[in-house]
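A.B. asks: Sharing a structure below in structure tokens format, with a few things to ask.
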Amino acid sequence: MKVKVKFIYKTSPQIAIPMESDWFNLNLIERFLMDLQNTGRAHDIIIMDEMEREWNQKQFTKLQKKMEEEPTEPVVYFDGGYNRDLRKAGIGIVIYYKRGNRSYRDRMNSLLEELESNNEAEYAALYNSLLILEEIGFKNVPVLFKGDAQGVMKQLKGEWPCYEEVLNRWLERIEQKIKSLGLKAKFEIIPRKENKEADILATQALEHKNIRSHTEIDAGKLKD
């Protein structure tokens, strides 16, 4: 999660200058606030997060203790594959996130029937990733979704129109779920090689190899 800090910088009782930092990683906040206070000139300090929520320092200290118990910084990789002969789809989902100082990876795939295309499989994969986010306990946080299907991603971002009725139904379901969870969704198109984990999971689903794993990982392996 990223935050920014707003404050009043007073050089004298007569001069008070409103100031605001750029966005920076949450793990730098304690050091930044300490340095800021050491100047003796920063007043009315307010911390804002990416959801545009604001706290004073006392409130934010309490929030940090609570955040140590809650999942944060989710990055979702998703992919869908479709077998036209069997009329079946395989979806693969990988979610990286943190809980306090620990990092985790949740992997899942599934074989789905009654879908009509590879694009629909991509939408189904994204929708199911939202169900996993809900299961983990994510609410009111920014979420980064990464996928390699350019057309689908541009439709999700609102950059391309969607004319297919079946895909529009998926779009509506996705938008409703994002809204109900209070998520701030960002969609990023990535090369297929960067989506290899999700792609392999989708392929394994089509091969009837069911996978669901949730493991703690080294912080250095956490993707962003």
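Following our numbering, the numbering of the sequence shown begins with -11 at its first residue and continues without gaps. No residue lacks a Cβ here, since even glycine has one placed at the ideal position from N, Cα and C.
At which residues does the beta strand (DSSP E) containing Gly80 begin and terminate?
C.D. replies: Locating residue 80 in the sequence shown gives position 92, counting from the first residue. Where Gly80 is concerned, the enclosing beta strand (DSSP E) stretches over 76 to 87.
A.B. asks: Which value, in whole angstroms, describes the spacing of the CA atoms of Gly28 and Lys(-6)?
C.D. replies: Residue numbering aside, residue 28 sits at position 40 when the sequence shown is read from its first letter. Residue numbering aside, residue -6 sits at position 6 when the sequence shown is read from its first letter. When rounded, the distance between both Cα atoms is 15 Å.
A.B. asks: Arg95: buried (16+ other C-beta within 10 angstroms of its C-beta) or exposed?
C.D. replies: Sequence index remark: in the sequence shown, residue 95 carries index 107 (1-based). That one is buried.
A.B. asks: Taking the CB atoms as reference points, tell me whether Gly68 and Glu108 lie closer together than 9 Å.
C.D. replies: As a first step, residue 68 must be located in the sequence shown, where it is residue number 80. As a first step, residue 108 must be located in the sequence shown, where it is residue number 120. Yes, these two residues count as a Cβ contact at 9 Å.
A.B. asks: Going by alpha carbons, who is nearest to Arg90 out of Ser98, Glu58, Glu38, Val82?
C.D. replies: Numbered from 1 along the sequence shown, position 102 holds the residue referred to as residue 90. Answer by Cα proximity: Glu58.
A.B. asks: Does the Cβ-Cβ distance between Leu98 and Asn198 come in under 9 Å?
C.D. replies: Translated into the one-based positions of the sequence shown, residue 98 becomes position 110. Translated into the one-based positions of the sequence shown, residue 198 becomes position 210. Per the sequence shown, residue 98 should be read as Ser rather than Leu. A contact, by the Cβ cut-off of 9 Å.
A.B. asks: On the CB-based measure, 16 or more other CB atoms within 10 Å of its CB, does Gln47 come out buried or exposed?
C.D. replies: As a first step, residue 47 is located in the sequence shown; it is residue number 59 there, counting from the start. Result: exposed.
A.B. asks: What do you reckon, are the CB atoms on Leu171 and Val131 nearer than 9 Å?
C.D. replies: Stepping through the sequence shown from its first residue, residue 171 is reached at position 183. Stepping through the sequence shown from its first residue, residue 131 is reached at position 143. Cβ atoms of Leu171 and Val131: closer than 9 Å.
A.B. asks: State the start and end residues of the unbroken beta strand (DSSP E) segment that holds Val129.
C.D. replies: As a first step, residue 129 must be located in the sequence shown, where it is residue number 141. Taken as a continuous stretch (DSSP letters only), Val129 belongs to no beta strand (DSSP E), as it is neither H nor E.
A.B. asks: Between Ile177, Gly80, Ala137, Val129, which lies nearest to Met55 when the distance is taken from Cα to Cα?
C.D. replies: Counting from 1 along the sequence shown, the entry for residue 55 is found at position 67. Measuring from the Cα of Met55, the nearest candidate turns out to be Val129.
A.B. asks: For Met22 and Ile(-4), I'd like the C-alpha separation in whole angstroms.
C.D. replies: Locating residue 22 in the sequence shown gives position 34, where the first residue counts as 1. Locating residue -4 in the sequence shown gives position 8, where the first residue counts as 1. Going from the Cα of Met22 to the Cα of Ile(-4) covers about 15 Å.
A.B. asks: Going by DSSP, what residue range makes up the alpha helix (DSSP H) through Asp187?
C.D. replies: Against the sequence shown, residue 187 aligns to sequence position 199. Run containing Asp187: 184 to 194, per the alpha helix (DSSP H) assignment.
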